[in-house]
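Visitor:
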């Protein structure tokens, strides 16, 4: 017989399964429907016969929750031509709700969603307000949110955080103080910090500044989770003091050392350098006016308050500034790793010196390096790499700029032939 007859005969052998729910036919036979229980339509025919749709009878509960009524399937159409035969729909629906007859499923869902988001509809609850018609649900929720007042909105100046920066700022009096924020119930474990907190409160009271006690959570939000140690100060900002040239001091009983920072951009590095300069006794610090970290709260915290008690200068053009200082009699040395660099331990300072430190990534700029009389470097120790484990070799070829500054500055100051402490330099700029 023909192919269709053989396949029809095969379909008869499988005519009954699970109570007649499923039939499988050949091309032109009775169809391949999997039954209403599986939600796959009533039958799927071959190319020459009827082909069932993919309606899902098992989604009746889903359609009822959307107000469409019980349905045996989600048919999009009752029939569609398919090749040489016909294709059945995806199932029959008994009801979709009032006014939904003849609408496809996607349109019913869209209408339902719009009824919840664009007009008064059941389920909107606390977001029902006059004038919300035509607005999507997300916009209504956003406009309904109540914004709590934040301490940052009350700030008049810049923020300082941490015990040392706050206390030093109050002691030095270089800033105008607005408000001192103290953590409510603060009881520092460290005795030194406990004394410092009490002193900061006393100084703020003497200045007539406002003192507010707030929660630790509010201080965390205000400082972006930085280590505030229970103290935050609202005060005016500090600025660099412009320095055109550096004259030779009249009293040369001591040999001063100045630091020149060529585009040091990291605030943590700048703060650590200021701390080293203050501790080791540098005569002054000058930075590039452009491409340098500003005198921020991060710098003050990293300097442990040293930034509050020292003047930090700036120059508009670092190479020109170094040239003018060289013409005035200063000895300019730069930090650089190279064959012509001298070990800083072997350097002996014989005249007023300026130590130039470069950027964290690329070091000294070419013009700044040309302005230097001599280059210094820090040699590796005799046991460098002794901490390495196994056969691994760590690629540590240099030091952080703040660490290198501390080492070089210490070597320069201790190498001076004059042992008396440096005197402050008076300048008329």
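Numbering (the working numbering), first residue to last: 34 to 462. Ideal Cβ positions, reconstructed from N, Cα and C, are used throughout, including at glycine. Note that the structure is predicted; figures quoted are calculated from it, not measured.
#1: Taking 9 angstroms as the threshold (C-beta atoms), are residue 319 and residue 343 in contact?
#2: Let me make sure I understand the geometry here. Which of 400, 140 and 190 has the alpha-carbon closest to that of residue 296?
#3: Between residue 280 and residue 241, what straight-line distance do the alpha-carbon atoms span, to the nearest angstrom?
#4: Does the beta-carbon of residue 244 have 16 or more other beta-carbons within 10 angstroms, so that it is buried, or is it exposed?
#5: Does the separation of the CB atoms of residue 445 and residue 345 fall below 9 angstroms?
#6: Could you pull the start and end residues of the beta strand (DSSP E) that residue 321 belongs to?
#7: What's the C-alpha gap between residue 270 and residue 326?
#8: Check each candidate in 431, 169 and 337 and name the one with the smallest Cα separation from residue 201.
#9: Quick check on DSSP: helix, strand or coil for residue 343?
#10: Hey, would you say residue 390 sits closer than 9 angstroms to residue 293, going by beta carbons?
#11: Per DSSP, residue 291 forms a beta bridge with which residues?
#12: Are the beta-carbon atoms of residue 267 and residue 191 separated by less than 9 angstroms?
#13: Would you check if there are 3 or more beta carbon pairs closer than 8 angstroms linking the stretch 224-235 to the stretch 295-313?
#14: Buried or exposed: where does residue 139 fall if 16 or more other Cβ atoms within 10 Å of its Cβ makes it buried?
#15: Is the CB-CB distance between residue 413 and residue 380 below 9 angstroms?
#16: Please name the residue, chosen from 392, 369 and 286, that lies closest to residue 383 on a Cα-to-Cα basis.
#17: Compare the Cα-Cα distances from residue 247 to each of 262, 169 and 238 and report the closest residue.
#18: Taking the straight line between their C-alpha atoms, what separation do you get for residue 255 and residue 430?
#19: Tell me the DSSP bridge mates of residue 191?
#20: Hey, residue 309 and residue 409 are a contact pair by Cβ (cut 8 angstroms); roughly how many whole angstroms apart?
#21: Would you mind sorting residue 189 into buried or exposed? The rule is 16 or more other CB atoms within 10 Å of its CB.
#22: Cβ atoms of residue 264 and residue 195: under 9 angstroms apart, would you say?
#23: For residue 333, does the count of other Cβ atoms within 10 angstroms reach 16, so buried, or fall short, so exposed?
#24: Please confirm whether residue 404 and residue 356 have their CB atoms less than 9 angstroms apart.
#25: Do residue 229 and residue 197 have their C-beta atoms within less than 9 angstroms of each other?
#26: Is it the case that the Cβ atoms of residue 385 and residue 260 are separated by a distance below 9 angstroms?
#27: Among 392, 137, 440 and 141, which residue has its Cα nearest to the Cα of residue 313?
#28: Hey, which unbroken runs of the beta strand (DSSP E) at 3 residues or more fall wholly within the stretch 210-288?
#29: Under three-state DSSP, which class holds residue 413?
#30: Look at the alpha carbon of residue 447 and the alpha carbon of residue 437, and state the distance between them as a whole number of angstroms.
#31: What separation, rounded to the nearest whole angstrom, lies between the Cα atoms of residue 42 and residue 144?
#32: How would you call residue 167, buried or exposed, if buried means at least 16 neighbouring beta carbons within 10 angstroms?
#33: Would you say residue 354 and residue 278 are within 9 angstroms of each other, going by their C-beta atoms?
Guide: On the basis of the data shown:
#1: no
#2: 400
#3: 40 angstroms
#4: exposed
#5: no
#6: 317-321
#7: 14 angstroms
#8: 337
#9: In the three-state scheme derived from DSSP, where H, G and I count as helix and E and B as strand, residue 343 is classed as coil.
#10: In this structure, residue 293 lies closer than 9 angstroms to residue 390 by Cβ.
#11: Residue pairing by DSSP puts residue 291 in a beta bridge opposite 317 and 387.
#12: yes
#13: No: the two stretches stay apart, fewer than three of their Cβ pairs being nearer than 8 angstroms.
#14: exposed
#15: Result no, Cβ atoms of residue 413 and residue 380 do not sit closer than 9 angstroms.
#16: 286
#17: When each option's Cα is compared against that of residue 247, the closest is 262.
#18: 39 angstroms
#19: 268
#20: Actually they are not in contact, since the Cβ atoms of residue 309 and residue 409 sit about 16 angstroms apart, beyond 8 angstroms.
#21: exposed
#22: Taking the C-beta atoms as reference points, residue 264 is found nearer than 9 angstroms to residue 195.
#23: buried
#24: yes
#25: yes
#26: In this structure, the beta-carbon distance from residue 385 to residue 260 does not fall below 9 angstroms.
#27: 440
#28: 210-216, 243-247 and 264-268
#29: In the three-state reduction of the DSSP assignment, residue 413 falls in the coil class, being assigned neither a helical nor a strand state.
#30: 16 angstroms
#31: 49 angstroms
#32: exposed
#33: yes
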